[in-house]
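Quick note on numbering: the sequence shown equals residues 1 to 176 in our numbering. Cβ coordinates follow ideal geometry from the N, Cα and C atoms, glycine included. Here the structure is a predicted model, which means the values were calculated and not measured. These notes concern the structure reproduced below.
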Amino acid sequence: MIHSIINESERTYDIPTDNRMTDCHNTIISLSTTDWEQRITAALREHHIRLTQPRRAIIHWIACQPHVFSTEALAAALAPPPTRVSRATAYRMVDYLREQGWLTRIRTERGLYAYARTLPGHYHHAICRRCGATLLIDGCAILDELNVVLARHGFRVQHHLLELTGLCWRCQAYKQ
Ligand SMILES: [Zn+2]
Ligand SMILES: [Zn+2]
Numbered sequence: 001m002i003h004s005i006i007n008e009s010e011r012t013y014d015i016p017t018d019n020r021m022t023d024c025h026n027t028i029i030s031l032s033t034t035d036w037e038q039r040i041t042a043a044l045r046e047h048h049i050r051l052t053q054p055r056r057a058i059i060h061w062i063a064c065q066p067h068v069f070s071t072e073a074l075a076a077a078l079a080p081p082p083t084r085v086s087r088a089t090a091y092r093m094v095d096y097l098r099e100q101g102w103l104t105r106i107r108t109e110r111g112l113y114a115y116a117r118t119l120p121g122h123y124h125h126a127i128c129r130r131c132g133a134t135l136l137i138d139g140c141a142i143l144d145e146l147n148v149v150l151a152r153h154g155f156r157v158q159h160h161l162l163e164l165t166g167l168c169w170r171c172q173a174y175k176q
């Protein structure tokens with residue numbers, strides 16, 4: 001099953017969040033950044049975390065980014081009025097979102113650290129290093145072969161994380 005997070009500006013078609021399209025072997029869900037924002041808002045409510053104005057501004061700013069971003073850029077963008085988000089709040093919120101699985105930190109093409117939007121849960125992410133568009137592959141069958149090879153060497157896998165970075169088809173088309 002593959003989910004994709006696309007930027008709102010790049011949305012080519014609209015499907016409800018829970019509407020799954022089956023394409024041969026994979027089920028594909030296309031999530032817009034609006035969906036990402038709405039899911040976080042719902043999750044915070046569920047965890048009884050107050051959606052203060054600064055937190056709302058941070059989440060919205062992240063949802064609107066057409067590129068991977070740094071916490072520094074977020075803090076600088078939201079410091080002036082009307083948002084007036086303090087640096088401490090910006091950094092704490094990014095840490096929180098990362099801990100909860102709503103963001104992941106990747107290395108950009110220039111070797112800098114930046115954040116990209118993800119969804120919590122056990123997924124294997126394929127993230128565009130330029131725009132942050134993310135594909136989420138649900139299920140671990142892709143690792144079966146590797147597990148068999150390792151088992152032959154007497155190794156039993158108990159836990160895995162798999163994160164891939166590269167360029168999405170749009171960013172490949174806009175090569176500099
Ligand atoms: Zn891209
Ligand atoms: Zn897995």
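#1: Could you give the first and the last residue of the continuous alpha helix (DSSP H) run that contains Tyr91?
#2: Taking 8 Å as the cut-off, decide whether the C-beta atoms of Ile233 and Tyr115 are in contact.
#3: Could you name each continuous alpha helix (DSSP H) segment of 4 residues or more that falls completely within the segment 131-156, going from the start of the chain to the end?
#4: Please look up how many angstroms separate the CB atoms of Ala63 and Trp102, rounded, as I've assumed it's under 8 Å.
#5: Quick one: what's got a C-beta closer than 8 Å to Pro120's C-beta in the same chain, skipping five residues either side?
#6: With the cut-off set at 8 Å, would you say Arg129 and Ile106 are in Cβ contact?
#7: Taking 7 Å as the cut-off, is the C-beta of Leu136 nearer than that to any heavy atom in ligand 3?
So, from the listed chains and residues:
#1: Looking at the DSSP string, the run of the alpha helix (DSSP H) that includes Tyr91 is Arg87 to Glu99.
#2: Because the chain spans 1 through 176 in this model, residue 233 falls outside it and cannot be assessed.
#3: Here the runs fully enclosed are 144-152.
#4: Contact check for Ala63 and Trp102: beta-carbon distance about 10 Å, past the 8 Å limit, so the pair fails to qualify.
#5: Counting only Cβ-Cβ distances below 8 Å, and skipping sequence neighbours, we find Ala43, Gln100, Gly101 and Trp102.
#6: Going by C-beta atoms, Arg129 is nearer than 8 Å to Ile106.
#7: Inclusion of ligand 3 in the displayed structure is not the case, the ligand content consisting of ligand 1 and ligand 2 alone.
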